[in-house]
Amino acid sequence: MDGIIDFQSVSKRYNNTAVFESLSLELKPGIVTGVVGESGSGKSTLLQLINGLVRPDFGLIKVFGQPIPSENLPIFRRRIGYAVQGTGLFPHLRAERNIGLMGKVEGWNPEKTESRIEQLMLLMGLNLRLRTRYPHQLSGGQQQRVGICRAMLLKPEILLLDEPFSGADPLTRVAIHERFLDLMVAEPATVVLVTHDMQEALRLSSELVIIREGKVLQMGSAKEVVNNPNDEYVEKLLGNTTHAP
Ligand code: ADP
């Protein structure tokens, strides 16, 4: 399926601020696309438009080849995992309950939920002894891994990641990146990774979308963007990146 996520002339404004004006964008299935831009450029809004949390004022957004439904959004969203900055974990729920939340909603039996939780924790390099800890008893990096496990519980076809690694220190970050890449080999998905960190985007993504103030400055394979930045701003974001991944 080409164009698993397809924006057609999408406009969205908040009060007097135009976030997107006639944005058209098609994302490829089965790969990680990194959406890079500075704070306020519209990255989070882009993800929220994809999962129907935010509706466009004008234009059409197709996901899975169909316009986003106006009804039965929970059914639509089951196919889309979403992990946000700061992990969004429920503080009063143990790690395993946080990860397994959607299993309960789906009516999975406890054994099925438990074995999926274990599978994901192992894939993300989380010691199973951590399952009974509350979020505040986990390190920032462990919380982020739990957040990714939770988003992946139902094996979503699309995974939306909003700066999911931004709280971790650089070494922890690299370790989580490696686990995340392993997870994507084990359970491939169409991933939209929003980040302000070009190095992170280059490490994790095959395709890049560079946005500034709601406009796509450049889009293409990571290699193309690194080798042929088409704008000074893209060059600036690339900084001292001198080689393609
Ligand atoms: P980013 O994720 O790149 O930081 P956002 O998508 O969060 O950017 O925000 C884009 C613009 O839209 C910003 O100017 C922000 O202030 C504005 N914005 C986002 N969400 C809302 C909202 N719910 N109400 C009003 N303005 C918003």
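To get this note's numbering, take the position in the sequence shown, counting from 1, and add 18.
Note that CB positions come from ideal geometry on N, CA and C, so glycine has one too.
Quantities reported herein were computed from a predicted structural model and do not represent experimental measurements.
Taking all protein chains in view, the Cβ of asparagine 116 is crowded by 16 or more other Cβ atoms within 10 Å, so the residue is classified as buried. Tyrosine 251 has its CB no nearer than 7 Å to any heavy atom of the ligand ADP.
In the displayed model, lysine 46 falls within coil according to three-state DSSP, outside both helix and strand. Around the ligand ADP, the residues whose beta-carbon falls short of 6 Å from at least one of its heavy atoms are Tyr32, Thr35, Val37, Gly55, Ser57, Gly58, Ser59, Gly60, Lys61, Ser62, Thr63, given in chain order.
Every unbroken stretch of the alpha helix (DSSP H) spanning 4 or more residues and falling wholly within the region 77-159 is given here in chain order: 91-95, 113-124, 128-141. Assignment of isoleucine 22 by DSSP, reduced to helix, strand and coil, places it in the coil class.
With a cutoff of 8 Å on beta-carbon distance, leucine 222 and histidine 195 are scored as near each other. Residue nearest to glycine 77 within the set Arg96, Met237, Ser40, Thr35 is Ser40 (criterion: CA-CA distance).
Ranking Ile49, Leu226, Asp75 by CA distance to the CA of asparagine 33 puts Asp75 first. Counting only residues of its own chain and dropping the five nearest sequence neighbours on each side, arginine 134 has a CB closer than 7 Å to the CB of Gly121, Leu171.
Around the beta carbon of isoleucine 166, 16 or more other beta carbons sit within 10 angstroms, so the residue counts as buried. The region 83-92 makes no contact with the region 238-257: fewer than 3 CB pairs, one atom from each, lie closer than 8 Å.
Residue environment for glutamine 84: exposed (fewer than 16 other C-beta atoms within 10 angstroms of its C-beta).
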